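Data first, discussion second: the structure below is written as structure tokens.
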Amino acid sequence: MSLLDAARAVRERAYAPYSRFKVGAAIRVPSGQVYSGCNVENVAYPEGTCAEAGAIAAMIAAGETQIIEVAVIADAPAPVPPCGGCRQKLAEFARGETPVLLATTGGQTLATTVGELLPGRFEVAHMAGSE
């Protein structure tokens, strides 16, 4: 199963009764293992979970800490990028050149990288000397 296929499969399990906007995400780690996540809405909108955050949580729960590839899929007219918070979450575990494939359920894709999605990202090096 490709990374995009994993994202597509988990998207079907998204819990999106309010927006009806289902999103699936899958991430690959150096061992080749794939972790996936879907958005989970809550009636108190800000309390929901994004698909990318769910995939990262699954990865961390499995003891992994490095992302080497990302795929995100949604039913939209154009590929949908991760929100700002998820871009920072992805950057925590990925390098700037880590490939990200954004896709629509209709087959449109956009290839990018974590660095292109989040230029000037905040990193631990920015905290040096903050003592």
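Heads up: the sequence shown is residues 440 to 570, going by our numbering.
Each residue gets a CB set at the ideal place from its N, CA and C atoms; glycine is no exception.
Note that the structure is a prediction, hence the values are computed from the model and not measured.
Assuming residue i contacts residue j (C-beta within less than 8 Å), just tell me the rounded distance between them.
i, j, result
"THR488", "ASP514", "That belief does not hold up - the Cβ atoms of THR488 and ASP514 are roughly 18 Å apart, past 8 Å."
"ILE506", "VAL468", "6 Å"
Can residue i and residue j be called in contact, C-beta distance under 7 Å?
i, j, result
"ALA483", "GLY463", "no"
"ALA533", "LEU443", "no"
"PRO384", "GLU508", "For residue 384 there is no data in the structure shown, the boundaries of the chain being 440 and 570."
"ALA530", "LEU557", "yes"
"ASN481", "ALA490", "no"
Can you give me the start and stop residues for the alpha helix (DSSP H) that residue i sits inside?
i, result
"LEU556", "553 to 556"
"VAL449", "442 to 450"
"GLY493", "490 to 500"
In the structure shown, what three-state DSSP assignment does residue i receive?
i, result
"PRO485", "helix"
"ARG467", "strand"
"ILE512", "strand"
"ALA530", "helix"
"ALA542", "strand"
"ALA564", "helix"
"GLY523", "helix"
Among the options, whose alpha-carbon lies nearest the alpha-carbon of residue i?
i, options, result
"ALA542", "GLY471, PRO518 and LYS461", "PRO518"
"GLY546", "VAL563, GLN527 and PRO516", "PRO516"
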